[in-house]
Every structure is written in C-alpha cells, then in structure tokens.
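Novice: My numbering applies: residue 337 is where the sequence shown begins, and numbers increase by one.
Beta carbons: idealized from backbone N, C-alpha and C, even for Gly.
These numbers come from a predicted model, not from an experiment.
Dumping the structure here so I can ask a few things about it.
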Amino acid sequence: MTTAPVQAGPGFAWPVGFNRIPDEPWARQSVDEFGLNYDDVGNHGWYKNLEPTIAQILAALGEDKIMVDFSAGTGILAKRLLSNIKHRVGILNVDASAKFLRVAVENLADDERAAFRLIKYLKDEKRLQLIDEVVEQPLLDVGADVITATNAIHLYYDLPETLQSWTRILRPGGLVFVCSANMHNPNAHAGDWIIDETVEKVNEIAAELVLREPAFEKYRGALEDSATFAAHKKLREKVFVPVRDLDYYVETFRSEGYEVMHTYDSTIFAQVEEWLQLLFTYHDGVMSWVGGSPKVEGTEPTEDALRDRRFLIRYSLEKLFSNVTEFPATWTYLTARLS
Numbered sequence: 337m338t339t340a341p342v343q344a345g346p347g348f349a350w351p352v353g354f355n356r357i358p359d360e361p362w363a364r365q366s367v368d369e370f371g372l373n374y375d376d377v378g379n380h381g382w383y384k385n386l387e388p389t390i391a392q393i394l395a396a397l398g399e400d401k402i403m404v405d406f407s408a409g410t411g412i413l414a415k416r417l418l419s420n421i422k423h424r425v426g427i428l429n430v431d432a433s434a435k436f437l438r439v440a441v442e443n444l445a446d447d448e449r450a451a452f453r454l455i456k457y458l459k460d461e462k463r464l465q466l467i468d469e470v471v472e473q474p475l476l477d478v479g480a481d482v483i484t485a486t487n488a489i490h491l492y493y494d495l496p497e498t499l500q501s502w503t504r505i506l507r508p509g510g511l512v513f514v515c516s517a518n519m520h521n522p523n524a525h526a527g528d529w530i531i532d533e534t535v536e537k538v539n540e541i542a543a544e545l546v547l548r549e550p551a552f553e554k555y556r557g558a559l560e561d562s563a564t565f566a567a568h569k570k571l572r573e574k575v576f577v578p579v580r581d582l583d584y585y586v587e588t589f590r591s592e593g594y595e596v597m598h599t600y601d602s603t604i605f606a607q608v609e610e611w612l613q614l615l616f617t618y619h620d621g622v623m624s625w626v627g628g629s630p631k632v633e634g635t636e637p638t639e640d641a642l643r644d645r646r647f648l649i650r651y652s653l654e655k656l657f658s659n660v661t662e663f664p665a666t667w668t669y670l671t672a673r674l675s
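Shown next, in the form of structure tokens:
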C-alpha cells in the first residue's frame, strides 16, 4: 500500500504559467500496482542511504528555493523532505516512469510545494526527453537552485548529455547532490557489495540449478542458445546497468563545467528479505530467461514459469547470503556545484 499523503505545507509561488500537475493522461490514470510496490521499497532499511543527502538538502534549500528531484520515482525523497521543511520551497519531481510518477502525485498532490513532470520516450528519435524539454519556459527562466539524483545516476546511458540538460535548468552556482550504490569506489570497505552485482550472482546460481535439476529442464534451452541468452542478458542490463567507476562520474561532471566539491562513501546494510522483495518487483529484469519475456520472445511467461522464476530468485539469493539476514553495500555520494 502507498504511504499516507504528505500534509499540505505553507504553499509555494510557482512561476506564472507553470502548472504543478500537468493536464496529461498519465496524471489522471489509475494508480498502478507496480508503482505501489515500488513505493513500498522506500520503507526498506537500506533507504537510510537518503539520510546524508537529506541533510545536505535541508542545509541548502532555503526559503523560496527550487529543487529538481531527477529520477524521483514515487516521490520517496520528496515525502521525507517535505515532512521536515516548514518553509516555502518548490520540489519538482521528474521521472521517466508514468506508473511511478502517478504514485508521487497520489502522495504529494495536496502539498503546493510539490510539482511533477514526466520524461517521455521519443520513439522516432529513440531517446528520452531532456529535462529542459519537459519544463516550461517560465520555470526555466527562474531556474533551479538544487538538483538531486538519488539511486539513479548509474542508469543514465548518456551522462554528458544529461548533465548538459541540468546546466540549462540550474542557476549558476547551483548545487547537485548524487548518491548511488552502483559505482566502483576505490575507497569501499573490503567485503562491501555493489548492490546490483548481486543480480549477476543470483543468475549464476540459478543457472547451475537449472542445468542440474530435472524439474527445471524446460528452461535449459534459453541457457544453451547463445543468442537467446544474450538477448535476456541485454534486457537485464537495462534494469541493472553494468557498473562504472567513480572516476568516470567525477571526470564527466568536471568536463561539463561542474566543480566536484567532494565525494564520500558509507556502508549501509541491506536486509536480504527486503532486497528479495525488490528483485521480485523487477523479476522480468532479474531473470527473464526463466519462462521468457514479451521483450525478447514476444510472449508472456506462464503462471507456472513465474512461480519457478520467483522460486529460483529466492533460492539463489538465500544461497548467496546463506546464514545471514543482511549484507553490507557501499553507497557513494558526490556533491557538485555549477561553475
């Protein structure tokens, strides 16, 4: 279930001509179960990873300032911020998922400090819109004081282009706060996980079981056909993107005109059972080769296949973290200023 809506705050004067909630079909559609399931992830213990970023934002986001939460999802960060901010601010939640953003509207629509914009996929150009393409000129003229990207920057395929679009909405001297558990950080503690790399290990364990146990023989074809397996791996890597080095992010920010003020890391423990629930939510991206996917074979998996897929995900994760209920992961934080 979604959390209770944030109570209305003191209001905020958005620029004339800028509507907080756009009059678009996605904003009027019914709330989707997938979006609600993801919203519940915000209650999981590893979401304490937001606490350092929240502290930074609370210090930076003064009266009448504007923040853009890029890849805002269901508004998990905004909910926590608005419950702690008693003055006038504007928080624009931006995401590429209509299902997620619809839940954000459900949770935050009553607070005039919250606004929402959907980034659409442009089929003809084979790309997502940039932020200055979905934000109207009145807000672009005013500009944002802060941009955040929590648990998402590792998903941005073309990072330089993304940062260039941020520059076009951010005021000179504006701040960027980033955190991610999916960077190769040379300062990470020994034994810490890069959290998405658990997905590859889960697939390896599941593949061994499928090749060994007659009960799962029906899924061996996908493993043994190199073209099919490559297609499923490509699908998985769209959701759990191959990890890049921290240095890549630092150098890209600098090359795009940002001063990287500092980076730091923190070890945060994730509950195995809670991580399992997220993997269940994204099961098609985790292990689509078990039963197939409409994005690869063009057909939906059967109910039996979905049951086997969930069994294999659980079995493999519990085998990976046998005899423990939590595992350590490194979160990396980057703070930058637009020069």
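Does residue 429 come out as helix, strand or coil in the three-state DSSP assignment?
Specialist: strand
Novice: Apart from the five residues on each side of it in sequence, which residues of its chain come closer than 7 Å, Cβ to Cβ, to residue 546?
Specialist: Setting aside the 5 residues that flank it on each side, residue 546 is surrounded in the same chain by 552, 555, 556 and 559, each with a C-beta closer than 7 Å to its C-beta; the list follows chain order.
Novice: From the DSSP output, in three-state form, read off residue 513 for me.
Specialist: Annotated three-state conformation of residue 513 is strand, per DSSP.
Novice: Do the CB positions of residue 444 and residue 409 come within less than 7 Å of each other?
Specialist: no
Novice: Please list, in chain order, all residues of the same chain as residue 576 whose beta carbon is under 6 Å from its beta carbon, the five residues on each side excluded.
Specialist: 532 and 535
Novice: At least one CB of chain C closer than 7 Å to the CB of residue 501: is that the case?
Specialist: In the displayed structure, chain C is absent; only one protein chain is listed.
Novice: Between which two residues does the beta strand (DSSP E) carrying residue 666 extend?
Specialist: 662-674
Novice: According to DSSP, what are the bridge partners of residue 406?
Specialist: 430
Novice: If you run the structure through DSSP and keep just helix, strand and coil, what is residue 522?
Specialist: coil
Novice: So, helix, strand or coil for residue 492, using DSSP?
Specialist: Of the three classes helix, strand and coil, the one that applies to residue 492 here is coil, per DSSP.
Novice: On the premise that residue 483 lies in contact with residue 406, defined as a C-beta separation below 8 Å, what is that separation, rounded to the nearest angstrom?
Specialist: 6 Å
Novice: Look at residue 615 and residue 608 and say whether their C-beta atoms are less than 7 Å apart.
Specialist: no
Novice: Tell me where the beta strand (DSSP E) around residue 605 begins and ends.
Specialist: 594-607
Novice: Please go through the same chain and pick out, in chain order, the residues whose beta-carbon is closer than 8 Å to the beta-carbon of residue 313, but skip the five residues on each side of it.
Specialist: The displayed coordinates of the chain run from 337 to 675. Any statement about residue 313 would go beyond what the structure contains.
Novice: Taking just the CA atoms, how far does residue 425 sit from residue 354?
Specialist: 15 Å
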